[in-house]
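First residue of the sequence shown: 328, per UniProt numbering; consecutive thereafter.
Contents: one structure, followed by commentary.
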Amino acid sequence: INTSDDYKPLLEERKQHIGRNLSISYQQPLKIWKGALQYLYDEKGRTYIDCVNNVSHVGHCHPAVVAAIQRQAARLNTNTRYLYDDLVAYAKELTATLPGELKVCYFTNSGSEANDLAIRMSRHFTKQKDVIVLDHAYHGTSTVAMELSPYKFDGKGGFGKPPHTHKAVNPDLYRGEFRYGQENAGAAYAEDVANIIARLSAEGKGVAAFICETLLGVGGQIPLPAGYLEKVYQHVRAAGGVCIADEVQVGFGRVGSCFWGFELQEVVPDIVVLGKPIGNGHPLAAVVTTPAIAAAFNNGMEYFNTFGGNPVSMATGRAVLKAIQEEEMQQHALDTGAYFLKGLKQLMQKHPIIGDVRGHGLFIGAELVRSRETLEPAVPEIDVVVEKMKDRGFLISTDGPLHNVLKIKPPLVFNKENADALLMHLDMVLGELSYPGN
Ligand code: PMP
C-alpha cells in the first residue's frame, strides 16, 4: 500500500507546526489509529503485530486499564495536596514488589524527570556532584538527564561530556574487551568504574551516584555480564556513592525470571527509577528510594509536582500492576521470551548476518553483522530488514551505538503464535537480503 501521497498534507502541516527534530518511523509513515493488546491497526485497516513497544506493557488499550482511567477521570483529577487513598495504596503495592529498604515513592510524569530527581537526591545525600554513567547510555531528555546520556551529549548536536559526568565502558560481551566465555568478565568490566573512582579520589572528589540500566537498551539490548553490578555497587558504595538502577525500559516483569532487571544481578539499588510500562502509556513515572535517602532529600525545600501522583495516574498504575499480576505476565514473558530466543538462535545458524542474539524474557536483541570475523555492522542492511518486516505486518526497531541491533520488546501479551509468525517472516526477509556472503 502506498500511503505517502495520502499523508502529504498532514506531513506538510506537521512540518510547519511541530519541531522538526523529531523523526518519523519508516520511509512511508504509518498512521495508526487503533490499538488492541499486541496489535496495531492503521487507518487503512491493516493489522500490525507490535514487537517493540515496551510502554504498552500489558497491551495497547488493555480494557481494565482503560476502565480505571475512565472511572477516575470522570470522578476527580487533582494534585497530591489532598488526601486520597489510591496514592498511598499504589505506593504500598509498588514497594511490595521491591526488596529491602526501597520503600519511599516520588511520582513524576516521565522517566527523564524521574532520573533528574534521582540524581538530585543522590547529590543531597552524598554532598557530591560527580556521576558515573555507562557509555552510549540514554537516561532522558531533561537537562540533567541529558548530562547522564552519552548517546545525546556525544552525538549529533551534543554539547560534549560535562565535567562532572564520567563514562564507564559498556560491559559488552560480544564486542567489548572481555567477551563471552571469559571468566570473571563482569568483575573485569567493573574495574573501569573502580578506576574512575580512583581518578576522582586523586582529584579530591567523591561520587554522588552510579547510574545504569539493568539491561542496556539504547546501548544495544545488552544484558549485563554475571557479577557486574555486584562489583560495581561494591566499588561505588565503598566510595560513599549511591547506586541508581534505571528500570525505565526493563522493569515490571519484562525480563521474565524476575520482576526487576536488577534482580538478575542479585543487587539491591539505593534508588530505582521507573517509567514507560508503569502507566501502560499514561504519563507516569516514579523514583523509589530508601528512608535514609528520602530523609536527606527532605532538607527544608518543598518538593511539589503538579501532575505527579495525581488520582488518575495512581488509578492507572494500580490497574497496570494488577493486570501484570492477575494475568501472570511475568511468567508469560519468561516462557514466550525463551521460546522466541530459541527460534532466533536457530535463525542465527541459518543466516550468518545474525552475529549474536541475547536477552532475558521479552527484552531481546539480535546484532546484525556483515562478517562474524570483523563484526562489521550490517548497516544499512538492518534498515531494509525493519522496512520489509513492516510491510509484512511486524513492527520492530533498531538500537545500539552502531545502529545494528534489532530490538524486540513487545507488549507482554505477545504470544508464541506471534513469535512463530515473526520468526517465519524474519527468516524470509533475511533470506532475500543481499549482503557480503549471502
Ligand atoms: N531512561 C531510559 C532507560 C529510557 O529508555 C528513557 C526513554 N527512552 C528514559 C529514561 C526517559 O524516559 P521519558 O522518555 O519517559 O522521559
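Ideal placement from N, C-alpha and C gives every residue a C-beta, glycine not left out.
Check your understanding: Is it the case that the Cβ atoms of Lys-649 and Ala-423 are separated by a distance below 9 Å?
Key -> Along the sequence shown, one-based indexing puts residue 649 at 322. Along the sequence shown, one-based indexing puts residue 423 at 96. The Cβ atoms of Lys-649 and Ala-423 lie no closer than 9 Å to each other.
Practice item. Give the DSSP-derived three-state secondary structure of Gly-503 in the structure shown. Key: Reading the sequence shown from its first residue, position 176 is the one you call residue 503. Shown here, Gly-503 sits in coil according to DSSP, grouped into three states, outside any helix or strand.
Exercise for review: Report the option in Ala-472, Pro-550, Thr-541 and His-451 whose CA atom is closest to the CA atom of Leu-500.
Suggested key: Against the sequence shown, residue 500 aligns to sequence position 173. Looking at Ala-472, Pro-550, Thr-541 and His-451, the one whose alpha-carbon comes closest to that of Leu-500 is Pro-550.
Exercise for review: My understanding is that Leu-722 touches Val-385, with C-beta atoms under 8 Å, so please give their C-beta distance in whole angstroms.
Suggested key: Residue 722 sits at position 395 when you count from the first residue of the sequence shown. Residue 385 sits at position 58 when you count from the first residue of the sequence shown. With 8 Å as the limit, Leu-722 and Val-385 do not qualify as a contact, their Cβ atoms being about 18 Å apart.
Practice item. Output the distance between the C-alpha atoms of Cys-539 and Asp-573, rounded to the nearest integer angstrom. Key: The count along the sequence shown starts at 1 and reaches residue 539 at position 212. The count along the sequence shown starts at 1 and reaches residue 573 at position 246. In this structure, the CA atom of Cys-539 is about 6 Å from the CA atom of Asp-573.
Check your understanding: Using CA coordinates, which residue listed in Gln-399, Trp-587 and Ala-642 is at the minimum distance from Leu-611?
Key -> Within the sequence shown, residue 611 is the residue found at index 284, counting from 1. Considering only alpha carbons, the answer is Ala-642.
Practice item. Tell me whether Ala-536 counts as near the ligand PMP, meaning its Cβ is closer than 8 Å to at least one heavy atom of that ligand. Key: Taking the first residue of the sequence shown as 1, we reach residue 536 at position 209. No.
Practice item. Locate the alpha helix (DSSP H) running through Val-756, then write down its first and last residues. Key: Walking along the sequence shown from the start, residue 756 turns up at place 429. Looking at the DSSP string, the run of the alpha helix (DSSP H) that includes Val-756 is 743 to 759.
Exercise for review: Given a cut-off of 9 Å, decide if His-463 and Gly-546 are closer than it, judged by their beta-carbon atoms.
Suggested key: What you label residue 546 is simply residue 219 of the sequence shown in a count that begins at 1. What you label residue 463 is simply residue 136 of the sequence shown in a count that begins at 1. Contact: yes.
Check your understanding: How would you write the range of the alpha helix (DSSP H) that Ser-640 sits in, first residue to last?
Key -> On the sequence shown, residue 640 is found 313 positions in, with the first residue counted as 1. If you look at Ser-640, you'll find it in the alpha helix (DSSP H) that goes 638 to 653.
Practice item. Using the Cα positions of Val-740 and Ala-565, report the straight-line distance between them to the nearest angstrom. Key: Stepping through the sequence shown from its first residue, residue 740 is reached at position 413. Stepping through the sequence shown from its first residue, residue 565 is reached at position 238. Roughly 42 Å between the two C-alpha positions.
Exercise for review: Taking all protein chains shown into account, decide if Glu-530 is buried (16 or more other Cβ within 10 angstroms of its Cβ) or exposed.
Suggested key: What you label residue 530 is simply residue 203 of the sequence shown in a count that begins at 1. Under this definition Glu-530 is an exposed residue.
Check your understanding: Just curious, the beta strand (DSSP E) that Asp-332 is in, first and last residue?
Key -> One-based indexing of the sequence shown puts residue 332 at position 5. That residue, Asp-332, is in no beta strand (DSSP E); it is neither H nor E in DSSP.
Check your understanding: According to DSSP, which residues form a beta bridge with Val-582?
Key -> Position 255 of the sequence shown, counted from the first residue, corresponds to residue 582. According to DSSP, which records beta bridges pairwise, Val-582 is partnered with nothing at all.
Check your understanding: If you run the structure through DSSP and keep just helix, strand and coil, what is Ser-528?
Key -> The residue you call residue 528 lines up with position 201 of the sequence shown. Helix, per DSSP.
Practice item. Could you tell me the distance, in whole angstroms, from the CA atom of Asn-329 to the CA atom of Gln-676? Key: For this step, residue 329 is matched to residue 2 along the sequence shown. For this step, residue 676 is matched to residue 349 along the sequence shown. With a pLDDT of 46 at Asn-329, under the threshold of 50, the modelled position of this residue cannot be trusted; read the value that follows with caution. Cα-Cα distance, rounded: 35 Å.
Check your understanding: Exposed or buried, Val-471, counting other C-beta atoms within 10 Å across all chains shown (16 or more means buried)?
Key -> On the sequence shown, residue 471 is found 144 positions in, with the first residue counted as 1. Only buried fits Val-471, as 16 or more other CB atoms lie within 10 angstroms of its CB.
Review point. Do the CB positions of Leu-733 and Gly-688 come within less than 9 Å of each other?
Key: Translated into positions along the sequence shown, residue 733 becomes position 406. Translated into positions along the sequence shown, residue 688 becomes position 361. In this structure, Gly-688 does not lie closer than 9 Å to Leu-733 by Cβ.
Review point. Between Thr-616 and the rest of its own chain, which residues show a CB-CB distance below 7 Å, the 5 nearest in sequence each way excluded?
Key: Against the sequence shown, residue 616 aligns to sequence position 289. Once the five neighbours on either side are set aside, the close Cβ partners of Thr-616 are Leu-429, Val-431, Met-448, Asp-597 and Ile-598.
Practice item. Compute the Euclidean distance between the alpha carbons of Gly-346 and Leu-461, then round it to the nearest angstrom. Key: Residue mapping note: residue 346 aligns to position 19 of the sequence shown, counting from 1. Residue mapping note: residue 461 aligns to position 134 of the sequence shown, counting from 1. For Gly-346 and Leu-461, the distance between alpha carbons rounds to 29 Å.
Practice item. Leaving out five residues on either side along the sequence, give the residues of the same chain with a beta carbon under 7 Å from the beta carbon of Leu-661. Key: To locate residue 661, count along the sequence shown from 1; it is residue 334. Short of 7 Å from the beta carbon of Leu-661, and not among the five residues preceding or following it, lie these beta carbons of its own chain, in chain order: Gly-583, Ser-584 and Gly-688.
Practice item. Would you decide whether Ile-351 is buried or exposed? Buried here means 16 or more other CB atoms lie within 10 Å of its CB. Key: For the purposes of this step, residue 351 is taken as residue 24 along the sequence shown, with counting starting at 1. The residue is exposed, with fewer than 16 neighbouring Cβ atoms inside 10 Å.
Review point. If you check the beta carbons only, do Ala-619 and Val-600 fall under 9 Å apart?
Key: Here residue 619 is taken as the residue at index 292 of the sequence shown, counted from 1. Here residue 600 is taken as the residue at index 273 of the sequence shown, counted from 1. Not in contact: Ala-619 and Val-600 (Cβ atoms no closer than 9 Å).
Check your understanding: By DSSP, does Pro-477 sit in helix, in strand, or in coil?
Key -> Taking the first residue of the sequence shown as 1, we reach residue 477 at position 150. Judged by DSSP in its simplified three-state form, Pro-477 adopts helix.
Exercise for review: Take Pro-763 and list the residues in its own chain whose beta-carbon comes closer than 8 Å to its own, dropping the five residues that flank it on each side.
Suggested key: The residue labelled residue 763 in the question sits at position 436 within the sequence shown. Only Arg-697 and Ser-698 meet the Cβ criterion.
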